[in-house]
Amino acid sequence: MEGGGIRVVFLPKELYPFERVRLTDLYQKEFTSLGNSITWILQGKERVKVRKEHRTEGNKFIVTGSLGDSSRISLIGNLILFPRKYIELNRITRQRGADIIIVCDGIIDGIVGSVLARRRNIPFVYYLSHLFFDVDINNFKERKTPSTLLRYHYAIITRYLYRWIIGRADLFHPISDSMERYYRKLFPKKRMIPLPLCPGHVFLDNAGAGGKKRNTVKKIIYIGKINKARKTDMYIDVLREVHYRTDIKPHLHLYGPFSESYGKVLLKKAEDAGLANWFHLNPPKPISDIPKLIADADIGISLYPPILVFKMCSPTKAVEYLSQGTPVVGNEEVVDLDHVIRSSGGGFSVPYDVGMIADRIIYLLEREDLAIELGERGRKWVREHRTYRSYALRIQKAYMEIIRNWAGIKEVKD
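For the record, in the sequence shown the residue sitting at position 126 is 244 according to our numbering, with numbers rising by one throughout.
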């Protein structure tokens with residue numbers, strides 16, 4: 119730690135989209151603003167776009183080649199192109215240009231990063247943001263086909279490799295408290311610091327204090343991925359139930375990526391339910407436009423099927439809704455989502471049931487003053503308890519401790 123700051127080498131996953139706020143806001147902005155430095159070893163020239171605003175003090179970027187943008191070949195591409203990443207990683211650590219190696223999500227990166235960290239006598243940190251392998255395991259249980267069988271076996275191998283990497287990490291960052299409890303059963307003595315998602319600077323910088331607009335036409339908003347795995351069609355069932363049980367007829371606006379085929383399924387379902395005029399399916403918007411869309415809505419909705427991968431996720435959109443003073447209705451099976459809603463007092467957390475979700479939406483629609491009050495409570499809580507600045511301070515302290523511990527071990531060996 120020459121000069122007092124921590125020197126990090128950071129390897130995101132193969133073909134990783136650098137725009138993820140947990141990387142840009144937590145590490146690239148907040149962590150380096152504390153006097154630390156990061157050398158990012160990124161793969162791909164097409165999807166990894168290091169824009170001018172990313173090239174801030176304390177951040178250096180090494181971008182390797184790419185075989186293409188298809189996620190289907192990302193693992194193969196990573197295998198073929200990883201030697202370049204390894205050469206850079208080996209060069210930096212050999213020249214004592216790093217105090218710690220951090221890997222986010224990547225399996226190959228995690229294996230090589232952990233091995234090289236041991237060779238250089240520096241700590242290794244692993245950050246896992248998902249348990250997507252559980253989707254393929256769950257799909258095989260529901261539908262046994264050659265394709266699901268192949269994915270099932272790949273998922274089992276993936277699960278084992280994650281456990282191996284986490285076992286070798288000096289510090290493990292799960293994405294949520296619930297994921298920490300899941301891995302704590304396997305590694306009871308492992309040092310873990312959850313890094314849940316927080317609203318990015320674009321949300322916190324938006325002027326959302328106390329000025330919630332009262333809409334004549336009520337709006338419910340969802341922002342996120344729109345697909346079969348998330349059972350987004352359930353939102354239409356909820357809207358139909360709300361329209362059936364109250365004279366208030368809210369509009370439902372969905373914003374996010376979706377396939378053409380699934381988009382047609384949703385539009386057809388809305389039309390069949392008589393909701394074509396109240397259901398609005400929209401492609402993703404630039405992140406700079408999202409705060410205003412949320413602030414203009416009356417209710418934010420955040421629902422996840424109650425399977426392992428979602429139960430342990432971190433509710434990005436819930437904290438973003440609350441950051442703009444928009445109350446949230448979510449399902450309690452998602453542990454971190456339930457915690458955010460109940461701790462903040464910014465909405466309602468109920469079972470994953472169409473009728474019960476509709477109950478809470480109707481309750482808020484019919485009590486506008488209460489909805490505004492809950493939204494403001496949530497806004498204040500998020501800004502006090504869920505910011506990347508607070509997590510940057512915490513991990514800096516933890517990294518310094520494990521670096522000093524490793525320095526002590528190295529001195530004893532010498």
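Ideal Cβ placement from N, Cα and C applies to all residues, glycine included. Here the structure is a predicted model, which is why all the values come from computation and not from measurement.
Item	Value
Endpoints, the beta strand (DSSP E) within which valine 221 is located	218-222
Same chain, Cβ closer than 8 Å to alanine 476, five either side skipped, listed in chain order	Val356, Glu359, Val360, Arg363
Element boundaries [beta strand (DSSP E), containing threonine 75]	Not covered by the structure: residue 75. The range shown for the chain is 119 to 532.
Identity of the residues DSSP links to histidine 371 by a beta bridge	Ile339, His398
Span of the alpha helix (DSSP H) around glycine 285	264-286
At least three beta-carbon pairs within less than 8 Å, the region 397-410 to the region 224-243	no
Beta-carbon gap between serine 467 and tryptophan 499 smaller than 8 Å	no
C-beta contact flag for tyrosine 439 and leucine 144 at 8 Å	no
Limits of the unbroken beta strand (DSSP E) element including glycine 465	465-468
Cβ contact (3+ pairs, closer than 8 Å) linking the region 336-345 and the region 363-372	yes
Spatial distance of alanine 394 from alanine 347 (CA atoms)	23 Å
Threonine 444 burial status per 10 Å Cβ neighbour count (16 or more: buried)	buried
Backbone CA spacing between leucine 488 and threonine 434 [nearest angstrom]	24 Å
Nearest-angstrom beta carbon gap, glycine 473 and valine 447 [assumed within contact, 8 Å]	The Cβ separation is near 13 Å, so there is no contact.
Continuous beta strand (DSSP E) stretch holding glycine 418: start and end	417-420
For lysine 131 and asparagine 536, the rounded distance between their alpha carbons	Given a span of 119 to 532 for the chain in the structure shown, any question on residue 536 remains unanswerable.
Selection from Gly176, Asn239, Tyr244 that minimises the alpha carbon distance to leucine 152	Gly176
Backbone CA spacing between tyrosine 280 and glycine 123 [nearest angstrom]	30 Å
Every unbroken beta strand (DSSP E) within the region 439-487, with a cutoff of 3 residues, ordered by chain	446-449, 465-468
Identity of the residue in Ala216, Ile226, Pro241 nearest phenylalanine 200 by Cα	Ile226
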